[in-house]
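Residue numbers (the working numbering): 2 to 772.
All C-beta atoms, glycine included, are put in the ideal place defined by N, C-alpha and C.
What follows is the structure, given as structure tokens:
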């Protein structure tokens, strides 16, 4: 299974390092206090050596060796039944695991630490251990849990009046707030840490680094500039050390952002000092970062020859350090520079190498840790998009064979990006299936890959037994997003249905019209979209050719990629349905009175178990799914899809069932009896979140269901009940595909008297297996 490393984990300083160093600093007194006999003294020296070895390895960036030393120390502590020593060793191991990118293993160890803390009296060590637990929760996206644990750490630190522990807790609360996009709370927490910490302490500087980065990202130049200058001067006054080296690298990373020259402290002297310091310390990773940042500084000034030379040196040092995650970054930078020099083929090779490394790193998945300033959208996604843009540049003018090679690689890169986005969404790897050509899946289906590339919309078309086709359109002045926004606004029933047509026809012209002749010639019946960016939230059914809506001509399905779903037709096995939902208003959400009718109509057509209102709880859902192999799970309840996993949920009687909990619930089923169809009939995408449909795709992929039907927005529930009744009547007919069953149900509303407006029938989308 392919996973992505949290690329940049070694680049930027987090308080995790400070927790590690504080814990190690306290371990020696504990050992000395317990050494009272010659044998104990010998054991003590052995333990001290292991701890010191771990520190040295960690300083050298040899995190595997540091981990091994601290694991050995833990074993010695266990033999002595020294609970404090065990806890210290485990805290240290968590830091090593996080530095290696092993977030799942770190989380497992954190669970042990958390359990042991339940019986520990309040102490500075307990406050530090709770910080470690909070950081681990944040890394895995459990932000509410992280905040609660860090608040407990802060309370203990305040009770003990430990200034450094208080500052560290505020710092980590700030990082957690920033990870949750609560920037005001992050600034407040950082400011509290700065006010209480010693001005020349490491924790003060780490906090100031993160606060200044936040201010720069908010373009608050007048506030950021003096803070950046203070950080720069205080760092340069620190004695040389690896901590200072990586703090300077962190600072340089901030200064390399798009800061107006008038507000930016001098960068070149900092980079020169960082490079000298890395060489003095013999730190290959640090030297690679310094050289790479120097290359980026040249890149920003368009000094291409110098930029390429520094970047190549950075690559060499990263390769010597066997730091693949750093190599990936510099290959991307090299690709950008080569592209600017007009060396397209060499640029493609560099970009491709970066993508290959990202896909091959056998580490735990991307972390959410905002304190490390890592952003998937800034550091990983652009590598894929820029590679696709290069591959498609002038592709139609190439010889046929080379053209196909470029198109195939573009398609594969798009699918890889879709998978990477979902893995970043969940911070876990997704189960994949061997990709199959469309003609082996469905000889009457076409797959359409629309790709948003800044000022262009590119489309790759895959037809059965045909070479890939390509067409594209320029999108000047953000025409794509404005057209999308116009479409979504017009789909409000307060607007006449005719308002939908201009943007719907524009999207049709971009996505479908160039392929019309080929679709007709191939007698295509189903269109399978692999939508990208904001196009995930476009109801493709509503695209209009000037005469008809797209749904009037084709069955339509969406998929994040053909490798993410098992595509096979429904067997003739008896279908059994679990239908649950809410008719009553709950937790601030409105009542859905027609849900009664919706589930009653399902029960009239299939053997079904019904969970309504107070029976519709997480525990009862779990019990039913564990006991009975349902083919269909139909949930008629409010829910929200978001670009954040923690904000994606469905509503039960007494809870909000988060996406990860829903995933665990549905995946309890044996793989031999998968859920054929998951229906979420009253959900909606989060307002103002252009990437919200990623959450919908996430549920579809992680539920284990072969197909998912969900709604892009919450619809009047009587019309939904009617659509679902029509869908299940068609679904029962074995000769009809799932896409055709949904198509017929949507047409029944389109041609009705009361629900002809696209608002009622367009939001329902089929994700996954369309057969």
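- By the C-beta criterion, the stretch 567-584 is judged to be in contact with the stretch 594-601, since at least 3 inter-stretch pairs fall below 8 Å.
- In the three-state reduction of the DSSP assignment, residue 652 falls in the strand class, which pools E and B.
- For residue 75, the uninterrupted alpha helix (DSSP H) segment begins and ends at 64-80.
- DSSP links residue 681 through a beta bridge to 636 and 711.
- Within the same chain, 501, 504, 505, 508, 539 and 543 come within 8 Å of residue 488 by CB-CB distance, once the 5 residues on both sides are set aside.
- Per DSSP, the continuous alpha helix (DSSP H) segment holding residue 211 begins and ends at 203-218.
- Rounded to whole angstroms, residue 97 and residue 323 show a C-alpha spacing of 17 Å.
- In the DSSP annotation of this structure, residue 457 is not part of any alpha helix (DSSP H); the continuous beta strand (DSSP E) holding it starts and ends at 457-463.
- Sorting 241, 560 and 233 by C-alpha distance to the C-alpha of residue 418 places 560 at the top.
- For residue 767, the beta-bridge partners assigned by DSSP are 710.
- Distance from the Cα of residue 232 is smallest, within the candidate group 219, 469, 221 and 250, for 250.
- Its chain contains no residue whose beta carbon lies nearer than 6 Å to that of residue 330 once the 5 sequence neighbours on both sides are disregarded.
- Residue 212 counts as buried, since no fewer than 16 other beta carbons sit within 10 angstroms of its beta carbon.
- Around residue 485, the same chain offers 535 and 539 as residues with beta carbons nearer than 7 Å, after the five sequence neighbours per side are excluded.
- Looking at the DSSP output, residue 150 bridges to nothing.
- Residue 447 is positioned such that its CB atom lies closer than 8 Å to that of residue 520.
- Runs of the beta strand (DSSP E) lying entirely within the stretch 542-628 and spanning at least 3 residues, in chain order: 556-559, 578-582 and 609-613.
- Per DSSP, residue 92 is one residue of the alpha helix (DSSP H) stretching across 84-101.
- Distances from the alpha-carbon of residue 708 to those of 765, 751, 760 and 686 put 765 closest.
- Residue 195 and residue 205 do touch by the CB rule: their CB atoms are close to 6 Å apart, below 8 Å.
- Assigned with DSSP and collapsed to three states, residue 657 falls in strand.
- The beta carbon of residue 570 lies closer than 6 Å to those of 772 in the same chain, with the five residues before and after it left out.
- One thing to note: residue 137 has its Cβ within 8 Å of the Cβ of residue 108.
- A distance of 8 Å or more separates the beta carbons of residue 702 and residue 667.
- Put simply, of 384, 443 and 396 the residue whose alpha carbon is nearest the alpha carbon of residue 415 is 384.
- For residue 451, DSSP records a beta bridge to 460.
- Shown here for residue 319: same chain residues with a beta carbon closer than 7 Å to its own, the five before and five after excluded, namely 289, 327, 328 and 331 in chain order.
- The alpha-carbon separation between residue 492 and residue 752 amounts to approximately 17 Å.
- Per DSSP, the beta bridge partners of residue 529 are 448 and 558.
- Within the same chain, and ignoring the five residues on either side of residue 639 in sequence, the residues whose Cβ sits closer than 6 Å to its Cβ are 590, 652 and 683.
- Residue 313: member of the alpha helix (DSSP H) spanning 305-321, first to last residue.
- Taken atom to atom, the span from the alpha-carbon of residue 441 to that of residue 92 is near 52 Å.
- Membership of residue 287 in the alpha helix (DSSP H) is indicated by the continuous run 285-301.
- The beta-carbon separation of residue 537 and residue 695, rounded to 7 Å, stays under the 8 Å limit for a contact.
- Listed in chain order, the non-local C-beta contacts of residue 576 below 7 Å within the same chain comprise 607, 632 and 633, local neighbours out to five positions each way being set aside.
- If you draw a 10 Å sphere on the C-beta of residue 336, you find 16 or more other C-beta atoms in it, and that means buried.
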